[in-house]
Each structure stands twice: as structure tokens, then as C-alpha cells.
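J.: I have a structure here, written as C-alpha cells, and I will follow up with some questions on it.
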Amino acid sequence: MKKVLFRFLLLAGIFLNFQQIDAQRVALKSNLIDWATLSPNLAVEMRLNQKLSLDISATTHPFSFTIADMKATHVRLQPELRYWFNRPMARHFVGVGLLGGLYNVKFNKNFYEGDIFGVGVSYGYVFVLSRHWNLETTLGVGVARLRAFKYREDEQKPDTPNWYRWSPIPIRLGVTFSYIFK
């Protein structure tokens, strides 16, 4: 999965190299749902041509506190290539995205420290609020491979990852405000 993420980012870099990026083609974004889970986040979306854009978001949850005997921290990176039915950054779009991240979860007396790599598809709609502001709603599903060091509170952390899962996941869930540079 790491090779797939690297190839996707390399391909995105090649696309961007051939495209002229100016102020009318870039948006700075933040997801309100991530903020509601106390996960600071920031995204950049760049228009590649008349129908495609590249969205790259980064999110972290660095805070460590316990709620209902569960504690979690994470960091994730999500690049997504979007196809727009009208024009980039307005109305309907579908996307193909990747997910990569690290997590550290304590649930009851079990610890999971590992990584996640996933791929999925998404659908979204962007409401144009003004010349510079947009509101985006997004929902996406996919599959992810989770790998972790799993151990109990009274055990020592193993030397190698000992817990592996393929799981369906919501790869995108967002209500996002965007500022478009014009």
C-alpha cells in the first residue's frame, strides 16, 4: 500500500508540473466534522484542468484523554483525485482517494499501535456561498488495511505487528468550508 500511495503522489506531482497553478485554481479548506472530534485539519485543493482537481488533506488528533474507557490519537493524509460534472469547486463531484495514517488506541485494557492504508470512492456537492467561500459536503466509502501492535495493559509491547485486518471504512465524511484564492 505504501508503494500505491507513493505512486499516486508521484502521478499527482507530474500532473501539477504540467499544469499552471494560479490563484484562481487553489482553495484552502477545513473539515468541521474533524474539528468536532478535536482533530485539527487542513486541506488544499488544486484545479488540474476543466474537469479534474486534486484535494490533499492532513488531519491529526494529538490530544490524549480518556472518554468511556477509550483513548485515541492519530495522524492521517488523504489525497483524492476529483472529477467535476460542472466545473471544479462547484456542484457535484466524484472522487477516488487514498488514505494513509498512524494511530494509537487504548480500548478497555487493550492497546493498538499501528498504521492504516486504504482506498475508496466518494461523492460530494459544493455549495457556492460567495466569490471566495464554498461549503462542501462529502461522503465516501472504501476498504483499508489495518496493521498494529496489539497488547494488553499488563503485557509488554510485541517486537513485530501481530494484528492485521481488512475492513470497510468511511474513507471520507465531511462538511468543509473552503476559501478560494481569486
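Sequence positions in the sequence shown follow mature numbering (1 follows the signal peptide of the UniProt record, and there is no 0) and run -23 to -1, 1 to 159.
Every residue gets a Cβ at the ideal spot worked out from N, C-alpha and C, and that includes glycine.
All figures in this text were calculated on a predicted structure; none of them were measured in a lab.
#1: Taking 8 Å as the threshold, find out whether the stretch 127 to 136 comes into contact with the stretch 95 to 115 through three or more Cβ pairs.
#2: Beta-carbon within less than 8 Å of Ser16's beta-carbon, same chain only, minus the 5 sequence neighbours each way: which residues are those?
#3: Pick out whichever of Arg64, Gly97 and Thr137 has its Cα sitting closest to the Cα of Gln55.
#4: Report buried or exposed for Val21, applying the criterion of at least 16 other Cβ atoms within 10 angstroms of its Cβ.
#5: Could you pull out every residue in the same chain whose Cβ sits closer than 6 Å to the Cβ of Gln27, ignoring the five residues on either side in sequence?
#6: If distances are taken between C-alpha atoms only, which option among Phe42, Leu25 and Met47 comes closest to Met66?
#7: Of the choices Ile33, Trp61, Asn63 and Phe70, whose alpha-carbon is the least far from that of Leu116?
#8: So what does DSSP say about Asp32, is it helix, strand or coil?
#9: Measure the alpha-carbon distance for Ser144 versus Ala121 and round it to whole angstroms.
#10: With DSSP collapsed to three states, give me the class of Leu25.
#11: Ignoring anything shorter than 3 residues or poking outside the stretch 107 to 133, list the beta strand (DSSP E) runs there in chain order.
T.: The short version:
#1: no
#2: Thr36, Thr37, His38 and His51
#3: Gly97
#4: Counting other Cβ atoms within 10 Å of its Cβ, Val21 stays below 16 and is therefore classed as exposed.
#5: Cβ contact annotation for Gln27 (same chain, cutoff 6 Å, sequence separation greater than five): none.
#6: Leu25
#7: Closest by alpha carbon: Phe70.
#8: strand
#9: 5 Å
#10: Residue state, collapsed to three classes: coil.
#11: 110 to 129
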